[in-house]
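If you're matching them up, the sequences are chains A and B in order.
In case it helps, the numbering used here puts the first sequence at residues 1 to 263.
In case it helps, the numbering used here puts the second sequence at residues 1001 to 1166.
Below is one structure, written out as structure tokens, with a few remarks after it.
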Amino acid sequence: MTRAPVAGPRETTVANPLFEFLLRLADDRLVLGHRLSEWCGHGPILEEDIAMANIALDLVGQANAVLRLAGETEGAGRDEDALAYLRDETGFRNAQLVELPKGDFAFTMVRQFLFDAFSVLQWEALKQWKLPTLAGIAAKALKEDTYHLRHTSDWLLKLGDGTGESHARAQRALDDSWRFTGELFECDAVDGAVAEHGIVLNSATAHSRWHSMVSDVVARATLDLPKDTPMATGGRRGRHTEFLGHLLSEMQIVVRSHPGAKW
Amino acid sequence: MSRATTSRDEILGILHAVKDPEVPVLSVVELGIVRDVIVEGDVVTVRITPTYSGCPAMHEIERDIVGALEAQGITGAVVELVYAPAWTTDWIGADAREKLRAAGIAPPGPADHGAVITLARRRATVHCPYCGSASTQLKSEFGSTACKAIHVCNACDQPFDEFKAF
């Protein structure tokens, strides 16, 4: 395999908006799946260790399918492995929320819950798309992520309405992650350009559905919804926090150290 | 394909012998992974669909299908991955469900195809595959493979897998 050029940072015009859109969709799952997999062998209880590994597997599997489609859409000979392992940090299009370090168990669960609640709405919209492959991936992923969301919302209740310690940690996690949630609902020229294929999830309606789902669980968990705050941005254009580069170096090192290796 | 004529049914018959690597009591046909078989001239195409997006067994299943056909003299089979319609446990037939039960895995109940995203936990009774008791409790929503959850029977104290309705 010849090494394809690495996608550069922000460009003023997006040559292939559908490719860009698929990268955003896949990179959220790939990066979050990798973060979650860091718990493997370190979970607080065996069942939860297994649960996080299972959820990570679903997310990486979803990313795999979407990246394959992205590679076909790009038409430059890059497959899902090239896109996952041979892009640099500025070529990744995930939201910053998913690249934040796994933190403590409360942070992992709160972040996962906030993402899951967004993800199910995104897949629900995408399964109506006119592109049959993406619609099929979305229909399957929606079932998986609905299952994840039940699991993480359950943990919100256990942690928030648990001991003083678990409550404090869950509240801190919510406060720390809140300013990264705005990026999930950003809408730009890429979304506008792909809207011909179906609904893209950035509307005020979707945000309000997400907000009501999240605030309902947060209230039942006896936690306080954070106050409105300026939202972090940049991930969708390849601008990331300091944490993504470190994650990628770990995720990509074997493939980059042994180009073309098979096992 | 080297044999002159191989019908779709013959191919399906061969694929019935290909077991799922993670649930070896069922074949890939019984699980609903094989969606279609197309025989066009010399080329056999088998369409398969993944159970879960992250199912690590898909590559192995693909290899096993090609291998099983080759063993019957059918070479050069093409395995295509299709995503729509999304796999559901509702495609697992009554005989296959009985095989699961006999292997100590509670078969899946009806899948929830509701259009509404709900946080409500499922309430369906899961019967113990060993003693049949309806008094069982969910121990973990995630199990040894993506498709299973772990329960324990209150009547016979036996922990068991449930094939999740999906």
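Positions of the beta carbon are idealized from the N, C-alpha and C atoms, including for glycine.
From a predicted model like this one, the values you see are computed outputs, not experimental measurements.
Could you tell me whether the Cβ atoms of residue i and residue j are closer together than 8 Å?
i, j, result
"residue 170(A)", "residue 184(A)", "no"
"residue 1021(B)", "residue 1065(B)", "no"
"residue 1054(B)", "residue 1124(B)", "no"
"residue 89(A)", "residue 19(A)", "no"
"residue 226(A)", "residue 174(A)", "yes"
"residue 1074(B)", "residue 1136(B)", "no"
"residue 1097(B)", "residue 1129(B)", "no"
"residue 221(A)", "residue 161(A)", "yes"
"residue 1048(B)", "residue 1012(B)", "no"
"residue 994(B)", "residue 1104(B)", "Shown here, chain B extends from 1001 to 1166; a query on residue 994(B) therefore has no answer."
"residue 189(A)", "residue 14(A)", "yes"
"residue 27(A)", "residue 92(A)", "yes"
"residue 1163(B)", "residue 1107(B)", "yes"
"residue 186(A)", "residue 236(A)", "yes"
"residue 210(A)", "residue 117(A)", "yes"
"residue 1057(B)", "residue 1089(B)", "no"
"residue 231(A)", "residue 198(A)", "no"
"residue 47(A)", "residue 1139(B)", "yes"
"residue 201(A)", "residue 134(A)", "no"
"residue 1041(B)", "residue 1091(B)", "no"
Run the proximity test for residue i: is its beta-carbon closer than 7 Å to any non-hydrogen atom belonging to the ligand MG?
i, result
"residue 1019(B)", "Looking at this structure, you won't find the ligand MG or any other ligand, since it has none at all."
Where does residue i fall in DSSP's three states?
i, result
"residue 1101(B)", "helix"
"residue 239(A)", "coil"
"residue 268(A)", "Residue 268(A) lies beyond the residue range present for chain A, which begins at 1 and ends at 263; the question has no answer from this structure."
"residue 1020(B)", "coil"
"residue 1063(B)", "helix"
"residue 1043(B)", "strand"
"residue 1151(B)", "strand"
"residue 1038(B)", "strand"
"residue 1072(B)", "coil"
"residue 1136(B)", "strand"
"residue 1092(B)", "coil"
"residue 1141(B)", "coil"
"residue 1033(B)", "coil"
"residue 1027(B)", "strand"
"residue 1002(B)", "Caution applies to residue 1002(B), whose pLDDT of 48 falls short of 50 and renders its modelled position unreliable; the value that the coordinates give is listed next. Residue state, collapsed to three classes: coil."
What's the gap between the Cα of residue i and the Cα of residue j?
i, j, result
"residue 1166(B)", "residue 23(A)", "27 Å"
"residue 243(A)", "residue 99(A)", "6 Å"
"residue 97(A)", "residue 119(A)", "13 Å"
"residue 261(A)", "residue 137(A)", "29 Å"
"residue 104(A)", "residue 177(A)", "13 Å"
"residue 1024(B)", "residue 1016(B)", "12 Å"
"residue 217(A)", "residue 123(A)", "21 Å"
"residue 40(A)", "residue 1008(B)", "43 Å"
"residue 1038(B)", "residue 1045(B)", "5 Å"
"residue 148(A)", "residue 132(A)", "24 Å"
"residue 1068(B)", "residue 1142(B)", "32 Å"
"residue 1028(B)", "residue 1018(B)", "6 Å"
"residue 228(A)", "residue 180(A)", "12 Å"
"residue 67(A)", "residue 84(A)", "8 Å"
"residue 81(A)", "residue 163(A)", "44 Å"
"residue 1132(B)", "residue 1093(B)", "20 Å"
"residue 50(A)", "residue 114(A)", "21 Å"
"residue 239(A)", "residue 1127(B)", "51 Å"
"residue 109(A)", "residue 1095(B)", "39 Å"
Could you please give the first and the last residue of the uninterrupted alpha helix (DSSP H) stretch that includes residue i?
i, result
"residue 140(A)", "132-160"
"residue 1163(B)", "Not the alpha helix (DSSP H): residue 1163(B) falls in the beta strand (DSSP E), residues 1159-1163."
"residue 1009(B)", "1008-1015"
"residue 122(A)", "105-126"
"residue 167(A)", "164-178"
"residue 277(A)", "The displayed coordinates of chain A run from 1 to 263. Any statement about residue 277(A) would go beyond what the structure contains."
"residue 25(A)", "17-37"
"residue 205(A)", "204-220"
From what residue to what residue does the beta strand (DSSP E) around residue i run?
i, result
"residue 184(A)", "Counting along the chain, residue 184(A) falls outside any beta strand (DSSP E), and DSSP gives it neither H nor E."
"residue 57(A)", "Here residue 57(A) belongs to no beta strand (DSSP E); instead the alpha helix (DSSP H) covers 46-74."
"residue 1078(B)", "1078-1081"
Can you check whether the C-beta of residue i is within less than 8 Å of a C-beta belonging to chain C?
i, result
"residue 57(A)", "Going by chain labels, chain C is absent from the structure shown, which instead holds the protein chains A and B."
Please determine if the stretch 149-167 of chain A and the stretch 199-212 of chain A are in contact, where contact requires at least 3 C-beta pairs separated by less than 8 Å. no
Assess contact between the stretch 117-129 of chain A and the stretch 138-145 of chain A, defined as three or more Cβ pairs (one per stretch) separated by less than 8 Å. Is contact present? yes
Closer than 8 Å is the cut-off here; do at least three beta carbon pairs connect the stretch 56-65 of chain A with the stretch 28-47 of chain A? yes
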